[in-house]
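For the sequence shown, the numbering used here begins at 2 and goes up steadily by one. The beta carbon of each residue, even a glycine, is placed where N, CA and C say it ideally should be. Remarks on the structure that follows.
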Amino acid sequence: MQNFYLSQGHILDNTQFWKENSEKDYVNCIQNLIQSKPFGDHKFYIFTIVKRVDDDSGVKKMYHQPRLTRPEPVPGTTLIKVDPKDPSTATIIWTLPNEENFGMYKEGKMFANSFVHECVEKYKRNAKDMAKPDPDDLSEPEIREIYQSIKQTALAKKIAKKNKPTLKKLAQE
2 MQNFYLSQGH ILDNTQFWKE NSEKDYVNCI QNLIQSKPFG DHKFYIFTIV KRVDDDSGVK
62 KMYHQPRLTR PEPVPGTTLI KVDPKDPSTA TIIWTLPNEE NFGMYKEGKM FANSFVHECV
122 EKYKRNAKDM AKPDPDDLSE PEIREIYQSI KQTALAKKIA KKNKPTLKKL AQE
């Protein structure tokens, strides 16, 4: 257990600890997802969504969805493109804060970030353009084939699990 003290002298240390551990956990989560190779060796996107879990406490949870296609951008999301052949590299396609915070990333603001501001401006101009596929993305028929293969594999596992004799069944026989 880690103790956190809220006196003026400790706030900076505590903030640094939270930041370092949050970043490490996030990177580990993304790398584990890449290494799981949900689509074999094909490049894929990770669509990250932050959702509020508890309105009273403000607790939020981050979800990472592997995808073969770009989704439409939504405020409060990030889209990353990764290659399982090189799990140490990820390309951030966009990161959009919640809509009420769009203005906080402009130059001169406290959270100024040129990349986030550029993403916000692209979203405001034409969000649909941000969802267009990259030239190296798989074709629609290739994507359907991969999803069909995943579905068939999952179904085969489910059937095998259902037909697998359990100790209870064996004891009854």
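Going by DSSP, which residues form a beta bridge with residue i?
i, result
"Tyr201", "The requested residue 201 is not part of the displayed model; the chain covers only 2 to 174."
"Pro39", "Gly41"
In the structure shown, what three-state DSSP assignment does residue i receive?
i, result
"Pro76", "coil"
"Lys52", "strand"
"Lys61", "strand"
"Leu7", "Residue confidence for Leu7 is low, a pLDDT of 45 falling below 50, so the modelled location carries little weight; the figure read from the coordinates is stated next. Coil."
"Lys162", "helix"
"Asp137", "coil"
"Leu156", "helix"
Cβ of residue i less than 9 Å from any chain D Cβ?
i, result
"Ile47", "Going by chain labels, chain D is absent from the structure shown, which holds only one protein chain."
My guess is that residue i and residue j are in contact by the Cβ rule of under 8 Å, so how many angstroms apart are they, rounded?
i, j, result
"Tyr46", "Lys82", "5 Å"
"Lys52", "Lys62", "6 Å"
"Pro136", "Thr70", "That belief does not hold up - the Cβ atoms of Pro136 and Thr70 are roughly 14 Å apart, past 8 Å."
Subject >> Ranges of the beta strand (DSSP E) found wholly within the segment 83–135, counting only runs of at least 3 >> reply: 91–97
Original post:
Do the segment 88–98 and the segment 60–79 meet, that is, are 3 or more Cβ pairs less than 8 Å apart?
Top reply: yes
**OP:** Take every Cβ of the segment 149–167, pair it with every Cβ of the segment 81–95, and state whether three or more of those distances are shorter than 8 Å.
**Re:** no
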